[in-house]
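Please read the structure below before turning to the comments.
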Amino acid sequence: MLKLKTGFALLFFSLCFSLLVGCEGSSSPDLTDKTKVTGNVTDTTGAPIAQALVFPEPAGETGGPIPEIAKFTDEQGHFTWYVPVGTYNFIIQKQGFLLKRVPVTATESKKTVHLRIILYRE
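The sequence shown begins at 390 in our numbering and counts up by one.
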């Protein structure tokens, strides 16, 4: 039970932080200076996981402002984010599965990053 409460507290803090940071900057997104992060989320059998929560959390001082708070995977387990140059931990979670953190470094020369994520059942 404590593990579940800690997970929700972490999610709540991360979402609030992303919201505060995301309020800075212009209202129209400029994708030319962003790195596209795409991913597929599956279970251990390779089946896609729909509606998994995915959000980037700036790692240290190097992450930039992120306009969206969180996104969910589609029916095929796909997601797409655009993030400014920086270092992030992408958090992926779905009820019934263990939370997963994936480090991503977005640079000016790296315009696309693709992640293959496998979630394990609790």
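Don't be surprised by glycine CBs; every beta carbon is placed ideally from N, CA and C.
Coil, strand or helix - residue i by DSSP
{"i": "Thr501", "result": "strand"}
{"i": "Val491", "result": "strand"}
{"i": "Glu446", "result": "strand"}
{"i": "Gln482", "result": "strand"}
{"i": "Thr434", "result": "coil"}
{"i": "Thr476", "result": "strand"}
Residue i - containing beta strand (DSSP E), residue span
{"i": "Val430", "result": "423-431"}
{"i": "Tyr509", "result": "Segment: none, Tyr509 is in no beta strand (DSSP E) and carries neither H nor E."}
{"i": "Val472", "result": "467-473"}
Whole-angstrom C-beta distance between residue j and residue i, which should lie under 8 Å
{"i": "Lys500", "j": "Leu442", "result": "That pair is no contact at about 25 Å."}
{"i": "Phe479", "j": "Pro445", "result": "5 Å"}
Contact check, residue i vs residue j, beta carbons under 8 Å
{"i": "Gly466", "j": "Ala439", "result": "yes"}
{"i": "Val426", "j": "Leu508", "result": "no"}
{"i": "Phe468", "j": "Gly428", "result": "yes"}
{"i": "Ile458", "j": "Val472", "result": "no"}
The segment 482-490 in contact with the segment 422-429 per 3-pair CB rule at 8 Å: The segment 482-490 is not in contact with the segment 422-429.
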